[in-house]
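Just so we're aligned, residue 1 is where the sequence shown starts under our numbering, counting upward by one. Notes to accompany the following structure.
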Amino acid sequence: MSSNFPTCRWGIVSTGMIASWFVADLVLDRPDAKAKHIIQSIGSSSVQKGKDFASKFCPQSSPTIYGSYEEVYADPSVDCVYIGTPISFHKQNCLDAIAAGKNVLCEKAFTMNAREAKEVFEAAQKKGVYVHEAMWLRHRPMVAKLRQLLYQDRVIGDVFRMSSDFFDRLDIPNLPETSRYKHPKFGAGTLLDIGIYPLTWALLTLDSNTPDNAERPKVLASQTHLHGVEVTSSIVVQYPSSGRQGVITSTHMSSKPSNLVCRVYGTEGYIDVTGEAPSMPHFFTVYGRKEDYQTFDQGRKYEFPHVGLGFIFEADNTALDIAAGRKESAIMPWQETIRVMELMDEIRKQGGTEYPQDHE
Ligand SMILES: NC(=O)c1ccc[n+]([C@@H]2O[C@H](COP(=O)([O-])OP(=O)(O)OC[C@H]3O[C@@H](n4cnc5c(N)ncnc54)[C@H](OP(=O)(O)O)[C@@H]3O)[C@@H](O)[C@H]2O)c1
1 MSSNFPTCRW
11 GIVSTGMIAS
21 WFVADLVLDR
31 PDAKAKHIIQ
41 SIGSSSVQKG
51 KDFASKFCPQ
61 SSPTIYGSYE
71 EVYADPSVDC
81 VYIGTPISFH
91 KQNCLDAIAA
101 GKNVLCEKAF
111 TMNAREAKEV
121 FEAAQKKGVY
131 VHEAMWLRHR
141 PMVAKLRQLL
151 YQDRVIGDVF
161 RMSSDFFDRL
171 DIPNLPETSR
181 YKHPKFGAGT
191 LLDIGIYPLT
201 WALLTLDSNT
211 PDNAERPKVL
221 ASQTHLHGVE
231 VTSSIVVQYP
241 SSGRQGVITS
251 THMSSKPSNL
261 VCRVYGTEGY
271 IDVTGEAPSM
281 PHFFTVYGRK
291 EDYQTFDQGR
301 KYEFPHVGLG
311 FIFEADNTAL
321 DIAAGRKESA
331 IMPWQETIRV
341 MELMDEIRKQ
351 GGTEYPQDHE
């Protein structure tokens, strides 16, 4: 790796599932790395948890382990804090890190609602630090290629509709009381957990504009609740200027029946995105319409290199942003996070999902 590449020293806040995925990708050996990543410190509710986490997920690193998050924020060797706590804690974790003058990469959903997101960005602006919602899907090279094919090369003609569905089976009544999936006060429900990905696919495939001048779609939403938690969301997204529509769904009632994670329909063909889940696409295939107007060709498959689970793309871009002195990501700027949160606020309003934080 070139020594000219920026180095980012990360402070990892929390030791849950997503933090383990993120850290494991950060320490991967890669020939095409754009930045050098160092796990500088780990903050957890317990030092032992932090030690166990480090020895399991980044055994080749030697981070400082803290028994609190505050010590990570105060660590002068940390360039960027990664926040992987449940959604309901993001606002306070971000505000605390920002108050300590730290740059922040915070997991999705960024906050519980748009009001909280605005509060965080106002604090970041005042303090002059970098803050970025970790919507890793947007950083995958596949997404840029897909958008180029859709809106520059117009390989499927006029895009008129898309669909995307995120399934994940959860046995909510039998989860521990501390589970982030169990109570609205933690942000439980499919929308902020997994529905945000089909929504992101809709925003990425139905609008040719970049996030800095994106059009705001209308949404028509329905949500079903069980055990006091939203378990199924169905949303129609419609763009006023083009009439393009997205049908996006998420559920905690079933595991996925197929590997199709997104389909984009055009007047001259369609594109199927295939993968583990809408958050983890692997490849896509472009099918062209035949002259009979009824059938499609064999399809052309576009494959992309697998680098761990795929977190490294957002991590590299974050390191490059910070090294360049930027305060926002061009791929996921603040106004785009606010737009997504406002759309999810509207979906929850129509679907009847409220969080205690909405009334603070
Ligand atoms: N990008 C993705 O694809 C993806 C996938 C899954 C989740 N996520 C996001 O990542 C975040 C965390 O999800 P997760 O599945 O990793 O959660 P998790 O496994 O439950 O871990 C959350 C961690 O947060 C800390 N924490 C602090 N206060 C807590 C509290 N009161 N209750 C529970 N944990 C608390 C704990 O770490 P310590 O005890 O060490 O402090 C815990 O291990 C969520 O925002 C979620 O939306 C993103």
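Note that CB positions come from ideal geometry on N, CA and C, so glycine has one too. As the structure is a prediction and not an experimental result, all values here were calculated from the model.
{"query": "Starting from Gln245, trace the beta strand (DSSP E) both ways and give me its first and last residue.", "result": "Gln245 to Thr251"}
{"query": "Please name the residue, chosen from Lys102, Ile83 and Glu133, that lies closest to Met17 on a Cα-to-Cα basis.", "result": "Ile83"}
{"query": "Apply the 10 Å Cβ neighbour rule to Lys185 and answer buried if 16 or more other Cβ atoms are within range, or exposed otherwise.", "result": "exposed"}
{"query": "Return yes when the Cβ of Tyr355 is within less than 9 Å of the Cβ of Gly195, no when it is not.", "result": "no"}
{"query": "Helix, strand or coil for Lys301? Go by DSSP, reduced to three states.", "result": "strand"}
{"query": "Considering only DSSP beta bridges, list what Ala134 is partnered with.", "result": "Glu107"}
{"query": "For Lys218, name the three-state secondary structure that DSSP assigns.", "result": "strand"}
{"query": "Answer yes if the segment 148 to 163 comes into contact with the segment 265 to 280, meaning at least three C-beta pairs across the two stretches below 8 Å, and no otherwise.", "result": "yes"}
{"query": "Looking at the secondary structure, which residues open and close the alpha helix (DSSP H) in which Val72 lies?", "result": "Glu70 to Ala74"}
{"query": "Can you grab the Cα-Cα spacing for the pair Ile87 / Thr337, in whole Å?", "result": "14 Å"}
{"query": "In angstroms, rounded to a whole number, what distance separates the CA positions of Pro383 and Val120?", "result": "Summary: the structure shown does not reach residue 383, with the chain confined to residues 1 through 360, and so no result is reported for it."}
{"query": "The alpha helix (DSSP H) spanning Leu150 covers which residue range?", "result": "Pro141 to Tyr151"}
{"query": "For a test of your reading of the model: does the CB of Glu360 fall under 8 Å from any non-hydrogen atom of ligand 1? Yes or no.", "result": "no"}
{"query": "When you compare the segment 121 to 131 with the segment 300 to 315, are there three or more beta-carbon pairs, one atom per stretch, that lie closer than 8 Å?", "result": "no"}
{"query": "What's the gap between the Cα of Ile331 and the Cα of Pro173?", "result": "38 Å"}
{"query": "Indicate the three-state DSSP secondary structure (helix, strand or coil) for Ile87 in the structure shown.", "result": "helix"}
{"query": "I'd like to check one pair, Ala319 with Cys94: are the Cβ atoms closer than 9 Å?", "result": "no"}
{"query": "Quick one: is the Cβ of Asp193 within less than 8 Å of any heavy atom of ligand 1?", "result": "yes"}
{"query": "For ligand 1, I want to know if Lys145 counts as a neighbour, meaning its beta carbon is within less than 8 Å of at least one of the ligand's heavy atoms.", "result": "no"}
{"query": "Drop a sphere of 10 angstroms on the beta-carbon of Gln294, count the other beta-carbons inside from all chains shown, and report buried for 16 or more, exposed for fewer.", "result": "exposed"}
{"query": "Could you tell me the alpha carbon to alpha carbon distance between Asp171 and Gly351, rounded to whole angstroms?", "result": "22 Å"}
{"query": "What is the DSSP secondary structure of Ser20, reduced to helix, strand or coil?", "result": "helix"}
{"query": "According to the Cβ coordinates, are Glu133 and Lys102 closer than 9 Å?", "result": "no"}
{"query": "Is Thr178 close to ligand 1? I mean its beta-carbon at under 8 Å from any heavy atom of the ligand.", "result": "yes"}
{"query": "Taking 8 Å as the cut-off, is the C-beta of His90 nearer than that to any heavy atom in ligand 1?", "result": "yes"}
{"query": "Flag this pair as yes or no: are the beta carbons of Val247 and Val236 separated by less than 9 Å?", "result": "yes"}
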